[in-house]
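A.B. asks:
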Amino acid sequence: MPKHILIVDDSKTVRNLVAFIMKKEGFKVTTAEDGLDGLEKLYSLNQVDLIVSDVNMPRMDGLTFIKNVREQGAYRDIPIVVLSTEGQDKDIQTGLTVGANLYMVKPAQPEKLVRNVKMLLG
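Counting from 119, one number per residue, gives the positions in the sequence shown under this note's numbering.
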């Protein structure tokens, strides 16, 4: 069965691009447009193997979303990749502190994103 990736980003362009890259690699993809939508999708899906999330989003930002995911036992170990335009050290540190496994700055190179996703899914 293909691994299932949840992509959470308020930019439709980014969602579609990351979804396209991941589908091309044979992954199953679900997209969400913000943290709240991301949580709803996460709860409604049988299995999510990895999450790619933006930070700056309306309704619920990525950091709050990640905190929520990490607070629940069932989702504590899902690898999370942050994909954000915020690339300062403090942003990266905050992302990793709230529970992201990896922090990538946009625009991420498709090959690098795929390599990191595959590594995290190990």
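Glycine included, every Cβ here is placed at the ideal spot set by N, Cα and C.
#1: Any C-beta of chain C sitting closer than 8 Å to the C-beta of G240?
#2: Give me the residue from E204, Y161, K208 and P228 with the minimum Cα distance to Y193.
#3: In whole angstroms, give me the CA-to-CA distance for K146 and Q206.
#4: In this structure, how does DSSP classify L124 when only helix, strand and coil are distinguished?
#5: Could you give the first and the last residue of the continuous alpha helix (DSSP H) run that contains K185?
#6: Rounded to whole angstroms, what's the CA-CA distance from V232 to T182? Just pull it up for me.
#7: Give me the DSSP bridge partner(s) of T148.
C.D. replies: If we stick to the structure as given:
#1: Of the protein chains in the structure, only one exists, and it is not chain C.
#2: Y161
#3: 31 Å
#4: strand
#5: G180 to R188
#6: 25 Å
#7: L124
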